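The block underneath contains the structure these notes are about, expressed in structure tokens.
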Amino acid sequence: MNPNAKNPAVAPAQPVRWRMWFRFLHRDLGYLFFGMTVVYAISGLAVNHRADWNPNYRVERRQFTLPPPGSGADAAAVSEKNYTKADIAALLAEAGVKGRYKKHYAPDDRHVRVFLENGTATLDRVARVLDIELLHRRPLLHTFNRLHLNPGRWWLWFADAFAVALLVIATTGLFLLRGKHGITRRGGVLTALGIIVPGIIVYLNL
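Going by full-length UniProt numbering, 127 is the number at position 127 of the sequence shown; the sequence numbering is gapless.
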């Protein structure tokens with residue numbers, strides 16, 4: 001028997017189809033972590049601009065003018081020391097403030113500072129004006145921002161898995177295409193730009 005003769009029963013070894021597996025990973029991980037990508041993208045944008053706005057709460061500011069002395073909820077409060085919890089509660093109700101009272105104090109002879117569960121109010125006894133500032137939670141965005149900060153151990157592990165998945169998605173994405181749009185040509189130029197531009201920005205801000 002000739003040892004160099006080919007055995008027709010033995011099929012030649014098939015090359016590993018890396019691109020096929022990269023495509024599967026890229027596609028399925030993209031589907032699996034689509035929701036996480038949206039959460040982190042939206043909350044990242046919101047937190048990046050926190051110097052310009054409050055990403056977690058909407059701030060409502062308004063004024064309420066008290067009735068003249070001797071009438072209304074303010075009648076019993078001759079001086080700031082006479083403002084009891086009941087007086088403040090009546091004043092807030094008259095001003096239409098919906099917020100649970102926490103405490104109040106008089107920082108000086110003119111003002112009374114009121115702390116609420118969802119904001120503050122400052123009474124100017126001379127001008128007889130109540131300045132109100134209330135915080136209203138942004139329902140969806142507040143939740144996204146909280147998740148971005150990893151609120152618990154279980155979420156921490158899930159976020160770590162997401163980070164690893166992003167690395168896999170980014171790496172496999174480099175090798176999905178061949179030819180002029182692949183990593184050796186156009187894709188390589190775009191990849192280099194994506195590294196160089198942030199590097200320059202970091203260098204200029206050191």
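All C-beta atoms, glycine included, are put in the ideal place defined by N, C-alpha and C.
Note that this is a predicted model, so its numbers are computed, not measured.
Distance CB(residue i)-CB(residue j) smaller than 7 Å
i: His104; j: Val97; result: no
i: Leu134; j: Asn118; result: yes
i: Val129; j: Thr65; result: yes
i: Arg138; j: Arg125; result: no
i: His142; j: Asn56; result: yes
i: Ile183; j: Leu174; result: yes
i: Phe33; j: Phe162; result: yes
Exposure of residue i, with buried meaning 16 or more beta-carbon neighbours within 10 Å
i: Arg61; result: exposed
i: Val112; result: buried
i: Ala46; result: buried
i: Arg17; result: exposed
i: Pro151; result: exposed
i: His26; result: buried
i: Tyr203; result: exposed
i: Leu156; result: exposed
i: Ile132; result: buried
i: Asp160; result: exposed
i: Tyr31; result: exposed
i: Leu29; result: buried
i: Ala121; result: buried
i: Leu193; result: exposed
i: Leu92; result: buried
i: Leu123; result: buried
i: Ala170; result: exposed
Chain-order list of residues whose beta-carbon lies under 6 Å from that of residue i (same chain, five-residue window excluded)
i: Gly188; result: none
i: Val39; result: Phe144 and Leu147
i: Ile42; result: Phe144
i: Arg100; result: Glu117
Same chain only: Cβ atoms within 7 Å of residue i, ignoring 5 sequence neighbours per side
i: Ala51; result: none
i: Ile88; result: Tyr101, His104 and Val114
i: Val59; result: Glu133 and Leu135
i: His181; result: Gly187
i: Val168; result: Leu25 and Leu29
Cut-off 8 Å between Cβ atoms - residues of its own chain near residue i, not counting five sequence neighbours on either side
i: Arg185; result: Gly179
i: Arg23; result: Thr172 and Leu176
i: Thr191; result: Leu174 and Ile183
Residue i: CB within 6 Å of a non-hydrogen atom of the ligand MN
i: Pro107; result: This structure lacks the ligand MN; in fact it carries no ligand of any kind.
Completely contained beta strand (DSSP E) runs for the region 24 to 62, where each covers 3 or more residues
The qualifying runs do not exist here; there are none.
May I have a chain-ordered list of the alpha helix (DSSP H) segments no shorter than 4 residues that lie completely inside the region 123 to 179?
Taking only runs of at least 4 residues, the alpha helix (DSSP H) segments lying wholly in the region 123 to 179 are 139 to 148 and 153 to 173.
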